[in-house]
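J.: For the sequence shown, the UniProt record's numbering assigns the number 1 to the initial residue and increments by one for each residue that follows.
The C-beta atom is built at its ideal place from N, Cα and C for all residues, glycine as well.
The structure presented is a predicted model; accordingly, all values stated were derived computationally and were not measured.
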Amino acid sequence: MPLNKRASTSPTRRTTLPTPGAACPRAAAPLRPEPQTASITGSLYPSSHETIYETSARLLFMAVKWAKNLPSFASLPFRDQVILLEEAWSELFLLNAIQWCMPLDVSASPLFNINEHVKNGHSATDVRILADTLIRFKSVHVDPAEFACLKAIVLFRAETRGLKDPSQIENLQDQAQVMLWQHCRTQLPGQVARFGRLLLMLPLLRIVPAIRIEAVFFQKTIGNTPMEKVLCDMYKN
Numbered sequence: 001m002p003l004n005k006r007a008s009t010s011p012t013r014r015t016t017l018p019t020p021g022a023a024c025p026r027a028a029a030p031l032r033p034e035p036q037t038a039s040i041t042g043s044l045y046p047s048s049h050e051t052i053y054e055t056s057a058r059l060l061f062m063a064v065k066w067a068k069n070l071p072s073f074a075s076l077p078f079r080d081q082v083i084l085l086e087e088a089w090s091e092l093f094l095l096n097a098i099q100w101c102m103p104l105d106v107s108a109s110p111l112f113n114i115n116e117h118v119k120n121g122h123s124a125t126d127v128r129i130l131a132d133t134l135i136r137f138k139s140v141h142v143d144p145a146e147f148a149c150l151k152a153i154v155l156f157r158a159e160t161r162g163l164k165d166p167s168q169i170e171n172l173q174d175q176a177q178v179m180l181w182q183h184c185r186t187q188l189p190g191q192v193a194r195f196g197r198l199l200l201m202l203p204l205l206r207i208v209p210a211i212r213i214e215a216v217f218f219q220k221t222i223g224n225t226p227m228e229k230v231l232c233d234m235y236k237n
């Protein structure tokens with residue numbers, strides 16, 4: 001099935017994200033991080049090259065599954081879901097990779113180890129930029145609720161071309177930003193600049209273009225298969 005094929009039926013529309021109450025992560029269930037948090041950091045990063053690429057595939061699958069399980073995302077026209085995933089997949093993947101790498105030193109994570117990637121012919125500059133991005137996020141101590149809100153913000157990008165309902169998507173992104181602001185205000189009231197700092201970090205995820213993210217982390221496993229087809233297969237599973 002091509003990725004841009006429209007679904008035959010449309011799910012019931014919802015125009016709002018769940019209200020997080022007092023910005024409690026448990027209250028915002030559709031933005032809650034994946035339940036594997038406790039065990040994933042100890043098992044995702046063995047040292048072999050093959051496992052690095054398998055890990056990358058698993059992190060991407062987790063990102064696609066996270067988006068698919070958002071009621072607010074599932075309520076969008078199918079074509080809009082496709083366009084948003086194609087636009088945001090690399091940022092969602094990097095946020096997942098950064099989130100699960102957070103307890104580790106950069107040098108201890110093969111996923112961001114420059115020497116490991118250079119031996120496979122990848123750009124040292126690209127990997128160094130990604131490692132620096134990990135360090136930036138680690139220095140801010142982004143928590144799981146903040147990661148969930150940041151993922152929603154990069155996913156619901158209303159300026160993406162070809163969207164059928166950009167106004168609804170803009171509304172969802174606005175709500176994700178409000179949820180992030182509420183969380184920062186209630187959980188970390190002493191860090192008055194935290195909300196703005198987190199938003200200003202998002203452009204770091206786009207410095208390395210998606211096509212080079214694909215080359216660094218996925219080319220060895222997907223070969224010439226278009227990323228659109230990979231995303232489609234993950235979305236169907």
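1) In or out: ARG197 buried (at least 16 other Cβ within 10 Å) or exposed?
2) Report the residue from ALA215, ALA57, THR225 and MET62 whose alpha carbon sits nearest the alpha carbon of ALA148.
3) Smallest Cα separation from SER90: which of LYS164, PRO203 and ASN224?
4) Could you give the uninterrupted runs of the beta strand (DSSP E) lying entirely in the region 126 to 153, keeping only those of 3 residues or more?
5) Please state if the CB of ASP174 and the CB of LEU76 are separated by a distance shorter than 9 Å.
6) Could you give the first and the last residue of the continuous alpha helix (DSSP H) run that contains GLU159?
7) Here's the rule I'm using: 16 or more other beta-carbon atoms within 10 Å means buried, otherwise exposed. How should GLU159 be labelled?
8) Nearest to ILE213 by CA position, among VAL82, ILE98, ASP126 and PRO71, is which residue?
9) According to the Cβ coordinates, are ALA88 and LEU180 closer than 9 Å?
10) With three or more beta-carbon pairs closer than 8 Å as the criterion, would you say the region 218 to 236 touches the region 63 to 73?
11) In its own chain, which residues sit with a C-beta less than 7 Å from the C-beta of GLN177, not counting the 5 before and 5 after it?
12) With 16 as the cutoff for other CB atoms within 10 Å, does LEU200 come out buried or exposed?
13) Using DSSP with H/G/I as helix, E/B as strand and the rest coil, what is SER75?
14) Taking the CB atoms as reference points, tell me whether ILE169 and LEU84 lie closer together than 9 Å.
15) Between which residues of its own chain and SER56 is the CB-CB distance below 8 Å, once the five residues before and five after are set aside?
16) For ARG161, is the classification buried or exposed, using 16 other Cβ atoms within 10 angstroms of its Cβ as the cut-off for buried?
17) Are the CB atoms of GLU54 and LEU231 within a distance shorter than 9 Å?
18) How many angstroms separate the CA atom of HIS141 from the CA atom of LYS229?
19) Could you tell me if LEU145 is buried or exposed, where buried requires 16 or more neighbouring beta carbons within 10 angstroms of its beta carbon?
20) For ILE207 and ARG136, I'd like the C-alpha separation in whole angstroms.
21) I'd like to confirm something about PHE195: is its beta-carbon nearer than 8 Å to some heavy atom of the ligand SAM, or not?
22) Would CYS101 pass as a contact of LYS138 if the rule is Cβ separation under 9 Å?
T.: With the given structure in hand:
1) exposed
2) Shortest Cα-Cα distance from ALA148 to any of ALA215, ALA57, THR225 and MET62 involves MET62.
3) Closest by C-alpha distance to SER90, out of LYS164, PRO203 and ASN224, is PRO203.
4) none
5) no
6) Where GLU159 is concerned, there is no enclosing alpha helix (DSSP H), given that its DSSP letter is neither H nor E.
7) A residue is called buried when at least 16 other Cβ atoms come within 10 angstroms of its Cβ; GLU159 does not meet this threshold and is exposed.
8) ASP126
9) no
10) yes
11) ILE153
12) exposed
13) When secondary structure is reduced to three states using DSSP, SER75 falls in the coil class, being assigned neither helix nor strand.
14) yes
15) PHE93, ALA97, LEU111, PHE217, PHE218 and THR221
16) exposed
17) no
18) 34 Å
19) For clarity, residue 145 is Ala in the given sequence; the question names Leu instead. Under this definition ALA145 is a buried residue.
20) When rounded, the distance between both Cα atoms is 14 Å.
21) Among the components modelled here there is no ligand, and therefore nothing to report on the ligand SAM.
22) yes
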